[in-house]
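*Asks:*
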Amino acid sequence: MHIKDLSRLQTAKQAAFDSYDNQHIECLPGTRIDLLREIDEWAKSPHGKCIFWLNGMAGTGKSTIS
Numbered sequence: 019m020h021i022k023d024l025s026r027l028q029t030a031k032q033a034a035f036d037s038y039d040n041q042h043i044e045c046l047p048g049t050r051i052d053l054l055r056e057i058d059e060w061a062k063s064p065h066g067k068c069i070f071w072l073n074g075m076a077g078t079g080k081s082t083i084s
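So this is what it looks like as structure tokens:
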């Protein structure tokens, strides 16, 4: 492959180099209410586990929640 061939490749505009900068810095109003409540209850519980394991597929908002 040559450099000139790169310009013919399709791109994913949402996956641009700086696309991380355009993400929401917090949850949008009215979203993830149940999960945020669950995390709050876990954090305040004197009997809770030491770790709250938040997992999910890519792009589902784990970083936004954290």
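Just so we're aligned, residue 19 is where the sequence shown starts under my numbering, counting upward by one.
For glycine and all other residues, C-beta sits at the position ideal for the given N, C-alpha and C.
Of the residues Gly77, His20, Ala76, Leu72, which one's Cα is nearest the Cα of Ile57?
*Replies:* Reading the sequence shown from its first residue, position 39 is the one you call residue 57. The shortest C-alpha separation from Ile57 is found at Leu72.
*Asks:* Taking the straight line between their C-alpha atoms, what separation do you get for Ala76 and Lys22?
*Replies:* Within the sequence shown, the letter at position 58 stands for residue 76. Within the sequence shown, the letter at position 4 stands for residue 22. Taking the straight line from one Cα to the other gives about 32 angstroms.
*Asks:* Since Gly79 and Arg50 are thought to touch, with beta carbons under 8 angstroms apart, how far apart are those beta carbons, to the nearest angstrom?
*Replies:* Start at 1 with the first residue of the sequence shown, and residue 79 comes out as number 61. Start at 1 with the first residue of the sequence shown, and residue 50 comes out as number 32. About 7 angstroms; that satisfies the 8 angstroms criterion.
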